[in-house]
Amino acid sequence: MTMASMAKAGTAMERLIRIGLSALPWLIIGSLLWAGLFVKPQPVGASVQPPVLERRDNFYGIAAGREGQLLVAGTGGKILRIDPASGRVSRDRTPVGETLQDIAGWNGERAVAVGNDGAILISADGGPAWERVADVPRSEVANKLTRVKTAAGGVAVASGEMGALLVSRDFGATWARLREEEDLAWNDVALVDASRMVVVGEFGRILVSEDGGTAWTEPASPVPSSLMAVAFRDAKNGVAVGLEGVVLATHDGGRTWRQAELGIHEHLFDVAWDAAGGRWIGAGALGRWITADAAAERWQSGRLDERDLSWHTRVLPLNGQVWFAGANVGRWDGQAWTPLAD
């Protein structure tokens, strides 16, 4: 081979190398594109499921469910089912991510939960199947629903921001306003009997209806601070609790109220009548509990556990014990406080 032919061969080889190098990026891009379109990654090993009960969870509502179980509702649309006998906790599937503020049921077979942004969920089987109710009356300002109470015949009343008082008479399927909007929150409602309702809210305000919510009267309140909860043990005797340790009692169906002096200042968020124990019991901030006799005259108070100063927004007497829900969930037998394990 002559020197000239060797030079030509070298030039051709260099040209092929340059062409190959210039095409290399496109080959790489094409390979990545093909892999992205046609290669499906396969999971390796089992996925990690978050625990049912997490430390960051708050539960604002608690109710008795079917077959002796408890239902609690709270953060991120969670509804948990608790078996008090075994301590087993499971989670229901819910169609919302909004925090749920309260939950209630009708004899364990049906249930309703309410929460932020006007969310209302209903269950025809007492859980675990839940559906969100459409066409709930809304305000253009704020729509948090903080409490829901149920009564026989499929009646439910929800209370909340912007004067929300919503009623359902078909197990939560449809809802209507009982009153027009106003710039305050109604924090709780007691369905005293088939026709009487008592409502409490901000600024110490109290409402009473004798006809199922058509007409209302507003009795004088002895306090200016917000009332957070109200409960009745019969048609005449009831208790309301609120901020700054306020406790009110009525013995005429809510027409007049007097203030009880407990000497405490922690906020109180809930009160319930414990029929089995023949006593009133309430829950509040910093682990506070309160109790009183049936006449709501002799009051006592204390903390669930001096090492656990959690707040609780709901209290539920059940089978000789009392369940509290809030920053954590647990039961109290009058001596020992037992929170659910994380």
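Count along the sequence shown starting at 1, add 14, and that's the number in our numbering.
Note that beta-carbon positions come from the ideal geometry of N, C-alpha and C, so glycine has one too.
- Distances from the CA of valine 255 to each of Ala208, Ala306, Ala249, Gly227 were compared; the closest alpha carbon is that of Ala306.
- Each of Asn251, Asp288, Glu112, Asp139 was checked against the Cα of threonine 270, and the nearest Cα belongs to Asn251.
- Phenylalanine 73 has Gly88 as its beta-bridge partners, per DSSP.
- Aspartate 284 counts as buried, since at least 16 other C-beta atoms from the protein chains shown sit within 10 angstroms of its C-beta.
- The residue among Gly268, Ile76, Trp144 with its C-alpha nearest the C-alpha of glutamate 232 is Gly268.
- For leucine 94, the secondary structure class from DSSP, reduced to helix, strand or coil, is strand.
- Closest in alpha carbon position to alanine 290, among Leu330, Val212, Ala170, Ser239, is Leu330.
- Beta-bridge analysis with DSSP links leucine 221 to Val213.
- In the three-state reduction of the DSSP assignment, glycine 111 falls in the coil class, being assigned neither a helical nor a strand state.
- The shortest CA-to-CA distance from glutamate 154 to any of Ser137, Asp131, Ala172, Ser173 is the one to Asp131.
- In this structure, DSSP gives leucine 257 a helical state, which the three-state scheme calls helix.
- For the pair tryptophan 325 and alanine 263, the Cα-to-Cα distance works out to about 23 Å.
- Asparagine 130 carries a helical assignment under DSSP once its states are collapsed to helix, strand and coil.
- Check the Cα spacing between alanine 229 and each of Met176, Gln115, Arg193: the tightest is with Arg193.
- Under the three-state reduction of DSSP output, glutamate 275 falls in the coil class, being neither helix nor strand.
- Taking the CA atoms as reference points, proline 238 sits about 28 Å from aspartate 288.
- DSSP, reduced to helix, strand and coil, places leucine 241 within a strand of the structure shown.
- A distance below 6 Å between beta-carbons, with the five flanking residues on each side excluded, links valine 343 to the following residues of its chain, in chain order: Phe73, Val86, Leu354.
- DSSP places tryptophan 337 inside the beta strand (DSSP E), whose first and last residues are 335 to 340.
- Relative to glutamate 196, the option among Ala187, Val66, Ala178, Val203 whose CA is nearest is Ala178.
- Cβ neighbours of aspartate 225 within its own chain (closer than 8 Å, five residues either side excluded): Ser209.
- Going by DSSP, tryptophan 313 is part of the beta strand (DSSP E) stretching over 313 to 317.
- Each residue's CA atom was taken as its position, placing glutamate 68 and glycine 90 some 12 Å apart.
- Alanine 125 is a Cβ neighbour of glycine 140, given a cutoff of 7 Å.
- With contacts defined as CB atoms closer than 7 Å, isoleucine 93 and alanine 339 fail to qualify as a contacting pair.
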